[in-house]
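Presented below is the structure to which this report refers.
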Ligand code: SF4
Ligand code: SF4
Ligand code: SF4
Ligand code: SF4
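Written out as structure tokens, the structure reads:
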């Protein structure tokens, strides 16, 4: 409550003095446990702001909405640590300028919500390094451990079963802050790289392509997982890939806005003969 | 005299229908998702669900469906049609909103062209609906002038007795009567009061909304942008909707042979209206959301005299950003 009230006041001040043109936060949803994204442009809208433990959606994807940042004005946004990492990745991939972003950081334990100190991504670097060293418990999902113990065949069968439900709505893509491509590979048809149909092959192609594109970029915010209307545990795939990238390349995504993207950087003296 | 189907006879009925050559389908709760699925026993049915996560439409209009195969040869093109194999079936325990959804889409699929994939399955399916005795916060059939015991689209309507003991049987069509004749030995004559259907509060006044939508001035209203600013265009509202029916025809294969398929498509996608030139007449998400609402409550009823929404609430239940038909129409009714 106190955190929420403080933030309402801060947002109002920053809007009133012209520092930000908009703040992106949360407001009550259609049931008591739901929250909706809120775009605050006026003091009245700031009064609708809620900040509690049920604010879980990673809102950073809205920042790359076409035209939002093109006037170079500043925008405020409510972010959990994963969201701050997303902002860093978006900046490292030249999708936004961090100087235009004012971060209203928060985190929660149980029902308790607390503000994170800082306003620009640099202010949170110590926190992010700390998260890298001590990942939150959610990264040790029981299902993930179960999958890790499977042999290749069992694992393949498990995912085939899960993907068989996919309806190719692309909600996972739309919900993911890292899926900002103007034209997704599945929407390109000259040539048609990926089958558009949601049959076994098409579903596999889609989910595997996305997993590769997210490797070393996913921050485990869970947006994809929550958006998937057929409840495929998508976050696990990306989390596994994130672990691979940490192990193989010592790369924890989203530590800073200048961190070199792991799978999109190229060195002449690379010892590998093959690049993906 | 009304007839009663007691729950303890359901296994016998399922067995009987199956031996009469009908596939029996009904609501089933899977490990992480519920849907209408084939069952072998009555006890496999999960009739206590408010409604399955996935709608009934996909049994009639699957997410992907082969239409024909083609092989291009030197002097000719060979094609072979795929029509669904004849598969008579009974859907036991449909919800009234899902059954209504089918009836709503019938005129669409039979309008300028009769969609044989849809109608073959329609003609071979008996829909046994159970009137709802419970609802959740998202159900809105009554706002659409339907009800928890609507008979639209159903062949038989069942009304529940207390303590899950069974149902009062109301046969509505010849198809329904034929299917229940198969199991008549398990039906008992009698009459008992059925449980009352659930009260679903009306969430908005539909007529007010429709009048607003029909006013051409409101097409460009600022309202559309405001209401849909948070929409991420994920299409899950349209894919779970029992009445959304858009599809795309795609050829899959190489230059010389392949399969032509009919795949679900959605007005929520930017690509849906993208022209080859790169111009997109619905270039913003708000234009796409407006289309979904206009189509359901203005264009579709204009053409087929019925709203393209049965009030199942799935669009709102599922939306990752908590939007949906309900909020939009509620806001419109306040304008
Ligand atoms: S892949 Fe999923 S969990 Fe990872 S950043 Fe994207 S939405 Fe979040
Ligand atoms: S959100 Fe789920 S159903 Fe939709 S495309 Fe992604 S994996 Fe498939
Ligand atoms: S528009 Fe929404 S409430 Fe209406 S039938 Fe479709 S999913 Fe159900
Ligand atoms: S309204 Fe919701 S479910 Fe529908 S496309 Fe928009 S974000 Fe997705």
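Residue numbers (my numbering), protein chains in the order written: chain A, 1 to 276; chain B, 1 to 335.
C-beta: ideal position from N, C-alpha, C; glycine also.
Just so we're clear, the structure is a prediction, and the values are computed from it rather than from any experiment.
- For the region 274–286 of chain B, the set of positions with a beta-carbon nearer than 7 Å to some beta-carbon of chain A is empty.
- Judged by beta-carbon spacing, residue 169 of chain B lies within the 8 Å limit of residue 5 of chain B, meaning their Cβ atoms are closer than that value.
- Of the candidates B/294, B/40 and B/242, the residue whose Cα lies closest to the Cα of residue 92 of chain B is B/40.
- Annotation for residue 107 of chain B: the continuous alpha helix (DSSP H) segment containing it runs 96–109.
- Taking all protein chains shown into account, residue 22 of chain A has 16 or more neighbouring C-beta atoms within 10 Å of its C-beta and is therefore buried.
- About 6 Å separates the beta carbons of residue 102 of chain A and residue 20 of chain A, which is inside the 8 Å limit, making them a contact pair.
- The residues 171, 172 and 234, in chain order, have a CB closer than 7 Å to that of residue 228 of chain A in the same chain once the five nearest residues on each side in sequence are set aside.
- In the structure shown, residue 192 of chain A adopts extended strand secondary structure according to DSSP, grouped into three states.
- For the region 142–171 of chain A, the beta-carbon criterion of a distance under 8 Å to any beta-carbon of chain B is satisfied by 165, 167, 168, 169, 170 and 171.
- Residue contact check for residue 121 of chain A against chain B: no CB pair falls below 8 Å.
- The alpha carbon of residue 272 of chain B has as its nearest neighbour, out of B/62, B/67, B/73 and B/233, the alpha carbon of B/233.
- Residues of the region 28–41 of chain A with a C-beta atom less than 9 Å from some C-beta of chain B are 29, 30, 31, 34, 35, 36, 37, 38 and 39, listed in chain order.
- Of the residues assessed, residue 77 of chain B falls on the exposed side of the cut-off, its CB having fewer than 16 other CB atoms within 10 angstroms.
- Residue 296 of chain B counts as buried, since at least 16 other C-beta atoms from the protein chains shown sit within 10 angstroms of its C-beta.
- Boundaries of the beta strand (DSSP E) around residue 250 of chain B: 247–253.
- Judged by the Cβ position, residue 49 of chain A fails to qualify as a neighbour of ligand 2 at the 7 Å threshold, every heavy atom of the ligand being at least this far.
- In this structure residue 177 of chain B does not touch residue 185 of chain B by the C-beta definition: roughly 15 Å separates them, more than the 8 Å allowed.
- Residue 120 of chain B and residue 291 of chain B have their C-alpha atoms some 30 Å from each other.
- Annotation: the continuous alpha helix (DSSP H) that includes residue 206 of chain B extends over 206–214.
- Of the other Cβ atoms in all chains shown, 16 or more fall within 10 Å of the Cβ of residue 12 of chain A; this residue is therefore buried.
- Between the region 144–156 of chain A and the region 301–308 of chain B there are fewer than three inter-stretch CB-CB distances shorter than 8 Å, so the stretches are not counted as touching.
- With a threshold of 16 other beta carbon atoms within 10 Å, residue 224 of chain B meets it and is buried.
- Closest option to residue 327 of chain B, judged by alpha-carbon separation, among A/14, A/30 and A/5: A/30.
- Contact annotation: in the region 244–265 of chain B, residues whose CB is within less than 8 Å of a CB in chain A are 248, 250, 252, 261, 263 and 264.
- Per the Cβ contact rule, the region 216–231 of chain B is not in contact with the region 39–53 of chain B (fewer than 3 Cβ pairs under 8 Å).
- Taking a Cβ-Cβ cut-off of 7 Å, the neighbours of residue 199 of chain A in chain B comprise 64, given in sequence order.
- Think of a sphere of 7 Å around the beta carbon of residue 52 of chain A: no beta carbon from chain B falls inside it, the nearest being about 15 Å out.
- Where residue 129 of chain B is concerned, there is no enclosing alpha helix (DSSP H), although the beta strand (DSSP E) around it starts and stops at 125–130.
- In summary, the residues of the region 214–240 of chain B whose CB is separated from some CB of chain A by less than 7 Å are 229, 230, 232, 233, 234, 235, 236, 239 and 240, in the order they occur in the chain.
- If you compare the alpha carbons of A/224, A/3 and A/248 with that of residue 113 of chain A, the shortest gap goes to A/3.
- In terms of Cβ geometry, residue 7 of chain B and residue 159 of chain B do not form a close pair [threshold 8 Å].
- Spanning the alpha carbons of residue 236 of chain B and residue 250 of chain A requires a straight line of approximately 36 Å.
- Only buried fits residue 252 of chain B, as 16 or more other CB atoms lie within 10 angstroms of its CB.
- Our two residues, residue 16 of chain A and residue 107 of chain B, have alpha carbons roughly 54 Å apart in a direct line.
- Beyond the five residues adjoining it in sequence on each side, residue 88 of chain A comes within less than 7 Å, by CB distance, of 121, 254, 255, 256, 257 and 259 in the same chain, given in chain order.
- Taking 8 Å as the CB threshold, residue 50 of chain B stays off the interface with chain A.
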